[in-house]
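Report on the structure given below.
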Amino acid sequence: AKKHPEIPFTVHEKEFASRYEAIIWICKNQLGRRNLTPEQKKYLVGKQYEAEKSSHGETRKESHDENGRFHRSYQIDNSGDVKKTCDRIAAENNMSGISVIRAESFAKGIDAAEEAVPGTRQKVLSGEVKPTAAEIASVARAPPEERPALVAEICKPKSPKPPAQKQKAPSAVAAPLPDASTSDEEAPDEEPTSTPAPSEPIFPQ
Numbered sequence: 000a001k002k003h004p005e006i007p008f009t010v011h012e013k014e015f016a017s018r019y020e021a022i023i024w025i026c027k028n029q030l031g032r033r034n035l036t037p038e039q040k041k042y043l044v045g046k047q048y049e050a051e052k053s054s055h056g057e058t059r060k061e062s063h064d065e066n067g068r069f070h071r072s073y074q075i076d077n078s079g080d081v082k083k084t085c086d087r088i089a090a091e092n093n094m095s096g097i098s099v100i101r102a103e104s105f106a107k108g109i110d111a112a113e114e115a116v117p118g119t120r121q122k123v124l125s126g127e128v129k130p131t132a133a134e135i136a137s138v139a140r141a142p143p144e145e146r147p148a149l150v151a152e153i154c155k156p157k158s159p160k161p162p163a164q165k166q167k168a169p170s171a172v173a174a175p176l177p178d179a180s181t182s183d184e185e186a187p188d189e190e191p192t193s194t195p196a197p198s199e200p201i202f203p204q
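With this note's numbering, letter number 82 in the sequence shown gets 81, and the count goes up by one each step, no holes.
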């Protein structure tokens, strides 16, 4: 706005208790936009969840019981809100709790990719590059020295798959409809109304 003095604007100053509180406000403010791409919404939800956990001092413990069932427990130091953070964010954005947790992994992967190769965040969030969630998550898990190669592979244009050719089924040949006036075999029960006179006399053998 400062580059275009002909555009009037107003600055409103806000105070936040911490950097995390500022990130939470930014994410909530941006999530109110209607023109967000699915990638932008996922990234903002993930960043908000990550910031709220850090702001509240929340820790998450995940484990499996003897039957292989998955369990997730939460601990919040200043727990004034009984409802879990991810469930509250999920309700605010009309999504499930597991989607919020996946969004956090997505946001961490995007930030790791941006740190490795600047400009990657814009490409992914704008939809120019469409990596899978597993590809993005793999960037955050990889060692820093391996991340640039992973990002380059993700941003490589994927060759379009050739359209599958549909095989045409052989067209069925329509059988001629029976005509009682011309075929005696196809209509044996019908008696001819009149017997045409033979052109030559018929003699018994």
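Even for Gly, the Cβ is constructed at its ideal location relative to N, Cα and C.
Distance from A112 to I135 at the Cβ level is roughly 7 Å; contact confirmed, criterion being Cβ atoms closer than 8 Å.
Of all alpha-carbon atoms in I25, T9, A106, the one lying nearest the alpha-carbon of F15 is that of I25. Put simply, the region 38-50 touches the region 124-131. At least three CB pairs are less than 8 Å apart. If the five residues before and after G96 are omitted, its C-beta is found closer than 7 Å to the C-beta atoms of C85, D86, A89, all from its own chain and listed in chain order.
Apart from sequence neighbours up to five positions away, the residues of its chain that approach V116 with a beta-carbon distance below 6 Å are P147, V150, ordered along the chain. Taking the CA atoms as reference points, E5 sits about 41 Å from S53. Under the three-state reduction of DSSP output, N28 falls in the helix class.
Less than 9 Å separates the beta-carbon of V44 from that of S98.
In the three-state scheme derived from DSSP, where H, G and I count as helix and E and B as strand, V99 is classed as helix. Counted as a single uninterrupted DSSP element, the stretch harbouring R33 is not any alpha helix (DSSP H), since DSSP gives it neither H nor E. Between K46 and I22, the C-beta spacing is below 9 Å.
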